[in-house]
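In what follows, a single structure is set out as structure tokens and then discussed.
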Amino acid sequence: MHANLYALGAIALWASLASLGVSLRHVPPFLLTGVALLVGSLLALPFVLKDRRQWRIPASTLLLGVYGLFGFHFLLFIALRHAPPVEANLVNYLWPLFMVVLAPLFLRGVTLRAVHVAAALLGFAGAAIAILGAGSGGSSGQGGGWSWGYLPALASAFIWASYSLLSQRVPAFPTAAIGLFGLVSGLLSLLCHWALEPSVAMSGRDWALIAVMGLGPLGAAFFLWDKALKLGDARQIGILSYLTPLGSTALLMLVSGRALSWSIGLAAAMIIGAAVLGTRTK
-2 MHANLYALGA IALWASLASL GVSLRHVPPF LLTGVALLVG SLLALPFVLK DRRQWRIPAS
58 TLLLGVYGLF GFHFLLFIAL RHAPPVEANL VNYLWPLFMV VLAPLFLRGV TLRAVHVAAA
118 LLGFAGAAIA ILGAGSGGSS GQGGGWSWGY LPALASAFIW ASYSLLSQRV PAFPTAAIGL
178 FGLVSGLLSL LCHWALEPSV AMSGRDWALI AVMGLGPLGA AFFLWDKALK LGDARQIGIL
238 SYLTPLGSTA LLMLVSGRAL SWSIGLAAAM IIGAAVLGTR TK
């Protein structure tokens, strides 16, 4: 029960990520990613100050953490500003399905069954409906159903799925090490901002929203999720994660003022259904 509560806490925080990203879409993506990840990394400081060994991890584990946290969030923020946000968010939430489909490639002793192939086809069909339906739904000034912004949404889903699978192949690391992942990822992102993006002036509201993002979906959510996986049944917790696209899409539509269209509703049902179907082992 405690594990499920930790997982639900992480899910609730992740549900706010896309809405916060849309509210901050005027902030350069490297800058947004960097500052938010640095804020999130601060949550690990009490544990590290108490025991500095918490951050003594192999370089390969650190590189994997940077790949996951930096790559996923940067590409997601790119997608949210170059494609209709609701549909891009749904495409991004193919990552639970990617975890099932890619598991045989990354993990030993895991095979892909016919039900998993069916789940993959159902999930990708849902993403196609979301993308093609965007052209007829009045999607934030986007013309037509296709936008190149869906590509980073798909890439971010792949990165999070592969990161999650590969993290099972590295030596076990303490939860506080996630703060180190965020710290290094944040510094790398700010370096890219300095080299590649123009400087911008941000308002007090922008800083407040970035702080909320960093402390919530880019901070506490990772620690809660790791705690849940360490205490509970990963299969049950994985099923709970399929609440995330539902909550995230609903909140994003509320924030953006979008009305529920048939394409969004059908796409969400297909993607969530595919993810649940993908958990079947027989």
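The sequence shown: position 188 = 185 (the numbering used here), numbered continuously. Even for Gly, the Cβ is constructed at its ideal location relative to N, Cα and C. Computed from a prediction, not measured in an experiment: that's the story for all the values here.
Self-check item: Buried or exposed by the 16-neighbour rule on C-beta atoms within 10 Å, applied to residue 43
Solution: Numbered from 1 along the sequence shown, position 46 holds the residue referred to as residue 43. So residue 43 ends up on the exposed side.
Quiz item: Taking the alpha-carbon positions, what's the residue 192 to residue 77 distance?
Solution: Taking the first residue of the sequence shown as 1, we reach residue 192 at position 195. Taking the first residue of the sequence shown as 1, we reach residue 77 at position 80. Distance between the alpha carbons of residue 192 and residue 77 is about 22 Å.
Quiz item: Considering only residues of the stretch 255 to 279, which uninterrupted alpha helix (DSSP H) runs meet the minimum length of 4 residues and lie entirely inside it, listed in chain order?
Solution: Listed in chain order, they are 259 to 274.
Self-check item: Pairwise C-alpha distance: residue 28 and residue 6
Solution: Within the sequence shown, numbered from 1, the residue matching residue 6 stands at position 9. Within the sequence shown, numbered from 1, the residue matching residue 28 stands at position 31. About 26 Å.
Quiz item: Is residue 92 helix, strand or coil when you go by DSSP?
Solution: Here residue 92 corresponds to residue number 95 of the sequence shown, with the count starting at 1. Look at residue 92 here: in three-state DSSP terms it is helix.
Quiz prompt | For residue 135, three-class secondary structure by DSSP | solution = Counting from one through the sequence shown, the residue named residue 135 turns up at place 138. Note that residue 135 scores 42 on pLDDT, short of 50, meaning its location in the model is unreliable and no value can be drawn from it.
Self-check item: Proximity winner among 173, 116, 26 and 90, relative to residue 244 (alpha-carbon distances)
Solution: Counting from one through the sequence shown, the residue named residue 244 turns up at place 247. Selected option, being the one with the closest Cα: 90.
Quiz item: Do the stretch 101 to 112 and the stretch 69 to 76 meet, that is, are 3 or more Cβ pairs less than 8 Å apart?
Solution: With the cut-off at 8 Å, the stretch 101 to 112 and the stretch 69 to 76 do not touch.
Quiz item: Unbroken alpha helix (DSSP H) runs of length 4 or more, entirely within the stretch 28 to 101: which are they?
Solution: Whole alpha helix (DSSP H) segments, 4+ residues: 42 to 47, 56 to 79 and 82 to 89.
Quiz prompt | Inter-stretch contact at 8 Å, needing at least 3 Cβ pairs: the stretch 164 to 179 / the stretch 12 to 23 | solution = The stretch 164 to 179 makes no contact with the stretch 12 to 23, as fewer than three CB pairs between them are under 8 Å.
Self-check item: Alpha-carbon spacing of residue 225 relative to residue 24, whole angstroms
Solution: Locating residue 225 in the sequence shown gives position 228, where the first residue counts as 1. Locating residue 24 in the sequence shown gives position 27, where the first residue counts as 1. Counting only the Cα atoms, residue 24 lies some 32 Å from residue 225.
Quiz item: For the candidate residues 262, 3 and 38, whose alpha-carbon lies nearest to that of residue 216?
Solution: In the sequence shown, the residue the question calls residue 216 occupies position 219. Selection 262, 3 and 38 evaluated against residue 216 yields 38 as nearest (Cα-Cα).
Exercise. Return the residue from the list 95, 126, 113 and 54 that minimises the CA-CA distance to residue 261.
Key: The residue labelled residue 261 in the question sits at position 264 within the sequence shown. Closest option to residue 261, Cα to Cα, is 126.
Quiz item: Looking only at C-alpha atoms, which of 8, 156 and 13 sits nearest to residue 248?
Solution: Within the sequence shown, the letter at position 251 stands for residue 248. The option with the nearest alpha carbon to residue 248 is 13.
Exercise. Give the range of the alpha helix (DSSP H) segment to which residue 17 is assigned.
Key: On the sequence shown, residue 17 is found 20 positions in, with the first residue counted as 1. Segment 14 to 20, the alpha helix (DSSP H) holding residue 17.
Quiz prompt | Where residue 239 sits in the DSSP three-state scheme | solution = Here residue 239 is taken as the residue at index 242 of the sequence shown, counted from 1. Under the three-state reduction of DSSP output, residue 239 falls in the coil class, being neither helix nor strand.
Quiz item: Which whole-angstrom value describes the C-beta separation of residue 83 and residue 202, a residue pair presumed to lie in contact below a C-beta threshold of 8 Å?
Solution: Here the question's residue 83 lines up with position 86 in the sequence shown. Here the question's residue 202 lines up with position 205 in the sequence shown. About 23 Å; that fails the 8 Å criterion.
Self-check item: Status (buried if at least 16 other CB within 10 Å, exposed otherwise) for residue -1
Solution: As a working note, residue -1 is residue 2 in the sequence shown. Exposed is the call here.
Quiz item: residue 61: which of 181, 253, 269 and 94 sits nearest, CA to CA?
Solution: One-based indexing of the sequence shown puts residue 61 at position 64. Out of 181, 253, 269 and 94, 181 has the C-alpha closest to the C-alpha of residue 61.
Practice problem: Out of 30, 145 and 218, state which residue places its alpha-carbon closest to the alpha-carbon of residue 184. | Solution: Counting from one through the sequence shown, the residue named residue 184 turns up at place 187. Closest in alpha carbon position to residue 184, among 30, 145 and 218, is 30.
Quiz item: What do you get for residue 97, buried or exposed, if any count of 16 or more other CB atoms within 10 angstroms of its CB means buried?
Solution: Here residue 97 refers to the residue found at position 100 of the sequence shown. Answer is buried; the Cβ neighbour count reaches 16.
Self-check item: C-beta contact flag for residue 157 and residue 92 at 9 Å
Solution: Position 160 of the sequence shown, counting from 1, holds the residue named residue 157. Position 95 of the sequence shown, counting from 1, holds the residue named residue 92. It is a contact, given that the beta carbons lie within the stated cut-off.
Practice problem: Look up residue 170 in the DSSP assignment and say whether it is helix, strand or coil. | Solution: Here the question's residue 170 lines up with position 173 in the sequence shown. Coil, per DSSP.
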